[in-house]
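Peer 1:
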Amino acid sequence: MGTPREPKPAKYFVALLSSDSELLAAVETDLAAIFGSIDARSEIFPWSFSRFYEEEMGPGLLRRFVSFEPLASPERLADFKLATQRIEDRYRSEMPQHSGRRMNLDPGYLESGKIVLASTKNASHRIYLRSGIFAEATLLYYDGAFHGSSYTYQDYLWPQTLTFLTPLRSVYLAQLGQLG
């Protein structure tokens with residue numbers, strides 16, 4: 000029989016999506032207040048995965064990833080998802096051509112063997128956490144690289160995304176090593 004034990008702390012990140020590049024930069028302060036200091040940023044790159052968010056946020060969507068220096072328990076994923084939703088609500092737009100949300104903030108975490116994302120939507124591959132929040136292991140790390148599955152969002156397999164996440168794994172492993 001196995002013995003329950005606490006998991007190692009995880010490396011949290013947030014995927015930011017908006018058509019407003021200035022907003023992407025401005026919201027980093029809000030995120031740092033929740034997650035801790037930002038230690039890495041991806042380049043801002045065009046996001047053309049689907050048109051799902053365009054009605055809400057407008058065309059010309061941009062993606063950026065940011066990660067946070069302090070490691071935190073994987074148990075905090077639901078807390079962080081709820082906190083990012085509050086940030087989204089604070090920045091809601093009154094512009095008539097949009098439904099109100101100006102950005103999408105998706106927190107997740109990295110461990111040595113996987114990337115886990117939070118969602119408010121249930122699906123067959125997601126596990127309920129609490130407070131209406133679900134989790135999914137969207138990328139697995141083996142054979143020296145991250146690999147997706149049939150349910151992985153395709154933009155998580157884009158080179159721009161993997162160029163951010165792959166070195167972040169090395170940063171995470173170094174941080175774990177410093178913990179002892």
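End of the sequence shown sits at 179 in numbering that gives the first Met the number 0; the numbers just go up one at a time, nothing left out. Every residue, glycine too, gets a C-beta built ideally from N, C-alpha and C.
Whole angstroms is fine: what's the gap from Ile37's alpha carbon to Ser66's?
Peer 2: Against the sequence shown, residue 37 aligns to sequence position 38. Against the sequence shown, residue 66 aligns to sequence position 67. Each residue's alpha carbon lies about 6 angstroms from the other.
Peer 1: Give a yes or no on whether 7 angstroms exceeds the smallest Cβ distance from Ile37 to chain C.
Peer 2: In the structure shown, chain C does not exist; there is a single protein chain.
Peer 1: Under a three-way DSSP split, which group does Asp78 fall into?
Peer 2: Looking up residue 78 in the sequence shown gives position 79. Correct three-state label for Asp78: helix.
Peer 1: Pick out whichever of Gly35, Ala32, Glu27 and Ile33 has its Cα sitting closest to the Cα of Ser41.
Peer 2: As a position in the sequence shown, residue 41 is number 42, starting the count at 1. When each option's Cα is compared against that of Ser41, the closest is Glu27.
Peer 1: Ignoring anything shorter than 3 residues, give me the beta strand (DSSP E) runs that lie fully in the region 86 to 162, in order along the chain.
Peer 2: Fully enclosed beta strand (DSSP E) runs of 3 or longer: 102 to 110, 113 to 118, 126 to 129, 132 to 141 and 144 to 146.
Peer 1: To the nearest angstrom, report how far apart Gly57 and Tyr155 are at their CA atoms.
Peer 2: On the sequence shown, position 58 is the one that residue 57 refers to. On the sequence shown, position 156 is the one that residue 155 refers to. If you take the alpha carbons of Gly57 and Tyr155, they lie about 21 angstroms apart.
Peer 1: In angstroms with no decimal places, state the Cα-to-Cα distance between His124 and Tyr90.
Peer 2: Residue numbering aside, residue 124 sits at position 125 when the sequence shown is read from its first letter. Residue numbering aside, residue 90 sits at position 91 when the sequence shown is read from its first letter. Going by the C-alpha atoms only, they are around 31 angstroms apart.
Peer 1: Relative to the alpha-carbon of Thr160, which residue among Val13, Phe34, Tyr141 and Glu5 has its alpha-carbon at the smallest distance?
Peer 2: Locating residue 160 in the sequence shown gives position 161, where the first residue counts as 1. Here the closest residue by C-alpha is Val13.
Peer 1: For Ser47, which of Gly35, Ala39, Leu61 and Ile132 has the nearest alpha-carbon?
Peer 2: Mapped onto the sequence shown, residue 47 falls at position 48. Ranking Gly35, Ala39, Leu61 and Ile132 by Cα distance to Ser47 puts Leu61 first.
Peer 1: May I ask you to verify whether the region 14 to 33 touches the region 136 to 145, counting CB pairs closer than 8 angstroms and requiring at least 3?
Peer 2: Too few Cβ pairs lie closer than 8 angstroms, so no.
Peer 1: Mind checking which residues open and close the alpha helix (DSSP H) that includes Ile180?
Peer 2: Residue 180 is absent from the model: the chain starts at 0 and stops at 179.
Peer 1: Less than 7 angstroms between the C-beta atoms of Leu70 and Thr83, yes or no?
Peer 2: For the purposes of this step, residue 70 is taken as residue 71 along the sequence shown, with counting starting at 1. For the purposes of this step, residue 83 is taken as residue 84 along the sequence shown, with counting starting at 1. No, Cβ-Cβ distance for Leu70 and Thr83 is not below 7 angstroms.
Peer 1: Tell me the rounded alpha-carbon separation between Tyr11 and Ala173.
Peer 2: The sequence position of residue 11 within the sequence shown is 12, counting from 1. The sequence position of residue 173 within the sequence shown is 174, counting from 1. Straight-line Cα distance between these residues: approximately 15 angstroms.
Peer 1: Who are the near neighbours of Leu119 in its chain, counting only those whose CB is closer than 8 angstroms to its CB and skipping five residues on each side?
Peer 2: For the purposes of this step, residue 119 is taken as residue 120 along the sequence shown, with counting starting at 1. Correcting the residue identity first, residue 119 is Thr in this sequence and not Leu. Around Thr119: Lys80, Gln84, Gly131, Ile132 and Phe133.
Peer 1: Take Pro6 and list the residues in its own chain whose beta-carbon comes closer than 6 angstroms to its own, dropping the five residues that flank it on each side.
Peer 2: On the sequence shown, residue 6 is found 7 positions in, with the first residue counted as 1. Taken in chain order, the residues that qualify are Pro73.
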